[in-house]
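**Student:**
Residue numbers (this note's numbering): 323 to 592.
#1: For residue 533, which residues in the same chain have their Cβ closer than 7 Å to its Cβ, ignoring the five residues on either side in sequence?
#2: Less than 6 Å between C-beta atoms, sequence neighbours within five positions excluded: which residues of the same chain meet that for residue 448?
#3: With DSSP as the reference, identify every bridge partner of residue 428, one or two as the case may be.
#4: Out of 517, 326, 346 and 392, which one is the CA nearest neighbour of residue 478?
#5: Round the Cβ separation of residue 421 and residue 388 to the nearest angstrom and send it over; I've been treating them as touching at under 8 Å.
#6: Taking 8 Å as the threshold, find out whether the region 483-492 comes into contact with the region 500-511 through three or more Cβ pairs.
#7: Check the DSSP bridge columns for residue 541 and list the partner residues they point to.
#8: Less than 8 Å separating the beta-carbons of residue 457 and residue 357?
#9: Going by beta carbon distance, what residues of the same chain come within less than 7 Å of residue 460, once the five residues before and after it are set aside?
#10: Measuring only between beta-carbons, confirm whether residue 421 sits less than 8 Å from chain E.
#11: If you measure between the beta carbons of residue 435 and residue 329, is that distance less than 8 Å?
#12: Counting C-beta neighbours from all protein chains within 10 Å, is the total for residue 586 16 or more, i.e. buried, or is it exposed?
#13: Kindly indicate which residue of 574, 500, 476 and 589 has the alpha-carbon position closest to the one of residue 554.
#14: Taking 8 Å as the threshold (C-beta atoms), are residue 443 and residue 470 in contact?
#15: If distances are taken between C-alpha atoms only, which option among 395, 408 and 399 comes closest to residue 384?
#16: What is the residue span of the alpha helix (DSSP H) that residue 452 lies within?
#17: Among the candidates 465, 527 and 450, whose CA atom is the shortest distance from the CA of residue 547?
#18: Distance, Cα to Cα, residue 338 vs residue 344?
#19: Roughly how many angstroms lie between the CA atoms of residue 489 and residue 528, to the nearest whole one?
#20: Only counting the same chain, and skipping five residues up and downstream in sequence, which positions put a Cβ closer than 6 Å to that of residue 372?
#21: Expressed to the nearest angstrom, what Euclidean distance is found between the alpha-carbon atoms of residue 502 and residue 540?
#22: Can you list, in chain order, the residues of its chain with a C-beta nearer than 6 Å to that of residue 635? Leave out the 5 residues immediately preceding and following it.
#23: Given a threshold of 16 other Cβ atoms within 10 Å of its Cβ, counted over all protein chains shown, does residue 538 qualify as buried or as exposed?
#24: Kindly list the residues whose CB is nearer than 6 Å to the CB of residue 583, restricted to its own chain and excluding five residues on each side of it in sequence; keep chain order.
#25: Would you give the residue range spanned by the alpha helix (DSSP H) that residue 584 belongs to?
#26: By DSSP, does residue 411 sit in helix, in strand, or in coil?
This is the structure in structure tokens:
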């Protein structure tokens with residue numbers, strides 16, 4: 323494992339590049355890299371086969387035991403290892419109480435046509451998702467439910483935004499995640515006989531518990547602010563609702579997605 327002199331200046335070019343990658347999706351796309359902070363998240367990513375190009379470790383925060391775990395995690399790879407002073411690390415860490423571990427990784431790039439499909443796939447479809455926290459929470463749900471994939475139509479945030487990775491606790495890498503367009507998604511679902519269920523409050527919507535999610539299923543969710551676009555909602559096979567009992571008329575999109583997803587899991591296991 324290549325080792326380098328400790329980084330003690332925030333003006334170091336590698337530190338400047340880390341900040342660029344954190345803040346700019348265009349930079350992440352151009353370099354084909356993203357950032358994972360935290361040993362737990364990195365361990366999950368490595369378990370999914372993710373390549374780590376560089377580690378930035380603060381010995382004062384990471385401690386000896388955690389550094390030993392890191393060495394085992396990337397043993398046999400060409401991962402570069404940089405020690406970083408506490409003052410510099412705190413400038414690049416993007417969460418409170420960091421454990422002193424930052425990794426540069428190559429995220430996977432997957433298309434719809436490359437996605438292996440079981441006989442009855444369960445797909446979580448998000449339209450124009452813009453909040454990394456919501457995307458991360460939905461990826462955790464997808465991992466827990468062993469959904470086939472998360473598909474994002476016309477995303478407003480990149481799929482491997484560091485904050486999405488943090489919110490997913492590394493599940494960004496355990497669930498196939500694909501960015502596509504609305505038109506491509508609909509054509510692909512028709513081609514593979516996947517029934518689409520749009521979560522939307524319309525006159526024709528039915529309670530989600532009345533639907534049969536045992537076959538090839540795509541649960542289609544919109545943004546919290548605007549919901550689904552009329553074009554996607556109308557193109558889906560069925561609109562569904564989660565009946566609201568109180569004063570509020572909707573749920574957080576990640577909560578709603580979890581409810582629908584585990585209803586599909588319940589039906590499939592019944």
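Positions of the beta carbon are idealized from the N, C-alpha and C atoms, including for glycine.
**Tutor:** Inspection of the coordinates gives the following:
#1: The sequence position of residue 533 within the chain shown is 211, counting from 1. Same-chain partners within the cutoff: 519, 560 and 562.
#2: Position 126 of the chain shown, counted from the first residue, corresponds to residue 448. 474 and 543.
#3: Against the chain shown, residue 428 aligns to sequence position 106. 373, per the DSSP bridge assignment.
#4: Numbered from 1 along the chain shown, position 156 holds the residue referred to as residue 478. Nearest C-alpha to residue 478: 346.
#5: Mapped onto the chain shown, residue 421 falls at position 99. Mapped onto the chain shown, residue 388 falls at position 66. Contact flag correct, Cβ pair sits at about 6 Å.
#6: no
#7: The residue given as residue 541 occupies position 219 in the chain shown. Partner(s): 446 and 519.
#8: The residue given as residue 457 occupies position 135 in the chain shown. The residue given as residue 357 occupies position 35 in the chain shown. Taking 8 Å as the cut-off, the beta carbon of residue 457 is found no closer than this to the beta carbon of residue 357.
#9: Within the chain shown, numbered from 1, the residue matching residue 460 stands at position 138. So the qualifying residues of the chain are 446, 448, 472, 576 and 579.
#10: No chain E appears in this structure, which consists of one protein chain only.
#11: Within the chain shown, residue 435 is the residue found at index 113, counting from 1. Within the chain shown, residue 329 is the residue found at index 7, counting from 1. Not a contact, by the Cβ cut-off of 8 Å.
#12: By one-based count along the chain shown, residue 586 stands at place 264. Buried, since its Cβ has 16 or more Cβ neighbours within 10 Å.
#13: Residue mapping note: residue 554 aligns to position 232 of the chain shown, counting from 1. If we check each option's Cα against that of residue 554, 476 comes out closest.
#14: Position 148 of the chain shown, counted from the start, is the residue given in the question as residue 470. Position 121 of the chain shown, counted from the start, is the residue given in the question as residue 443. It is a contact, given that the beta carbons lie within the stated cut-off.
#15: Numbered from its first residue, the chain shown carries residue 384 at position 62. The residue with the shortest Cα to Cα distance from residue 384 is 408.
#16: In the chain shown, counting from the first residue as 1, residue 452 sits at position 130. Run containing residue 452: none; DSSP gives neither H nor E here.
#17: Position 225 of the chain shown, counted from the first residue, corresponds to residue 547. The shortest C-alpha separation from residue 547 is found at 450.
#18: What you label residue 338 is simply residue 16 of the chain shown in a count that begins at 1. What you label residue 344 is simply residue 22 of the chain shown in a count that begins at 1. About 10 Å.
#19: Sequence index remark: in the chain shown, residue 489 carries index 167 (1-based). Sequence index remark: in the chain shown, residue 528 carries index 206 (1-based). Using only the alpha carbons, I get a separation of about 31 Å.
#20: Indexing the chain shown from 1 puts residue 372 at position 50. Result list for residue 372: 427 and 495, in chain order.
#21: Along the chain shown, one-based indexing puts residue 502 at 180. Along the chain shown, one-based indexing puts residue 540 at 218. About 14 Å.
#22: Beyond the ends of the chain as shown, which are 323 and 592, falls residue 635; an answer cannot be given.
#23: Taking the chain shown and counting its residues from 1, one reaches residue 538 at position 216. Result: buried.
#24: Here residue 583 corresponds to residue number 261 of the chain shown, with the count starting at 1. The answer, listed in chain order, is 463 and 467.
#25: Counting from one through the chain shown, the residue named residue 584 turns up at place 262. Residue 584 -> alpha helix (DSSP H) spans 575-591.
#26: Counting from one through the chain shown, the residue named residue 411 turns up at place 89. Reduced to three states, the DSSP call for residue 411 is helix.
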